[in-house]
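**Q**
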Amino acid sequence: MKSLGDRNKDIIARFKKMGEPTKTHVIAGFIVTLIILFVVVFILYGGESILPGKEEITYTIKWQEQYSPAIQHSHKLTQREPLLIEDDIIQGNLTFIQFELTWEDNREGIVRNLSDQLTMTIEPPPGTQTKFHPADTREGYTSPLRITATLNDIPSDIILPKLGMDQVSQKIKEYATNNGKGIWEVHLSIDPRNLFDRGNDICLIVTYGYYEALVGEEY
Ligand SMILES: [Ca+2]
Ligand SMILES: [Ca+2]
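First residue of the sequence shown: 3, per the numbering used here; consecutive thereafter.
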């Protein structure tokens, strides 16, 4: 009986004796077998051990400011009946909210400072951290009257190397804020300032901005 070493020597000796075309066939067959083996391993193990893993993805979070469609309120405002307009803002991550009051005096006085005088006062939802520009109470003779409340700053972009999508979602939640969310009250009153003028038609336009996360990935 031949030993394993002797058998290997026989195989090598036979390979040496082969003609060149036969040698090429043997090598080609060996390469094809290797490729088939590789494909089988890839299918069996889902390629996870061969391709870059999830942990090698770098996620980036960029924040983009979006703007709401205008909310419009049209009303008749009289001296006898001041108005209270309420807007329930359900959007989170607010950057600002703006109130713009416009009107055209139906009985304009000859003297400019006898035109209708309108007063707008804004009451934010309880506990809101905000700054008003120019102020939360605003009086004026000329249209429009505009008050802007600034709310939350847009966060800086974030780079998250080697983290899963779950942790990215968690990070986005950490930057979410409800500051400014809720019912905003707008108190309106008018002084027509001439005898036969009872008040005026007014239009209040409310708009707000908010930030949203844009997630990108790099390998
Ligand atoms: Ca008027
Ligand atoms: Ca008037």
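Ideal placement from N, C-alpha and C gives every residue a C-beta, glycine not left out.
(1) Can you check the segment 149 to 221 for any beta strand (DSSP E) of at least 3 residues that lies completely inside it and give the ranges in chain order?
(2) Would the C-beta of ASP203 count as close to ligand 4, meaning under 7 Å from any of its heavy atoms?
(3) Evaluate GLY211 with the Cβ neighbour count: other Cβ atoms within 10 Å of its Cβ, from every protein chain shown; 16 or more gives buried, anything less gives exposed.
(4) Less than 8 Å between CB atoms is the rule here; does THR121 satisfy it with respect to chain B?
(5) What residue range is occupied by the uninterrupted beta strand (DSSP E) comprising LEU116?
(6) Could you give the distance in angstroms between the alpha-carbon of ASP138 and the alpha-carbon of THR152?
(7) How big is the Cα-Cα spacing for ALA169 and GLU125?
(8) Ignoring anything shorter than 3 residues, give me the beta strand (DSSP E) runs that lie fully in the segment 50 to 92, in order along the chain.
(9) DSSP on GLY31, reduced to helix/strand/coil?
(10) Going by the DSSP bridge assignment, what does LYS133 pair with across the sheet?
(11) Are the Cβ atoms of LYS64 and LEU216 separated by less than 8 Å?
**A** Taking the structure as given:
(1) 160 to 163, 184 to 193, 201 to 220
(2) Judged by which ligands are present, ligand 4 is missing from the structure shown, whose ligands are ligand 1 and ligand 2.
(3) buried
(4) In summary, chain B is missing from the structure at hand, where a single protein chain is found.
(5) It is not in any beta strand (DSSP E) - LEU116 carries neither H nor E in the DSSP assignment.
(6) 11 Å
(7) The displayed chain sequence assigns Gln, not Ala, to residue 169. When rounded, the distance between both Cα atoms is 37 Å.
(8) 60 to 69, 73 to 80, 85 to 91
(9) helix
(10) THR152
(11) yes
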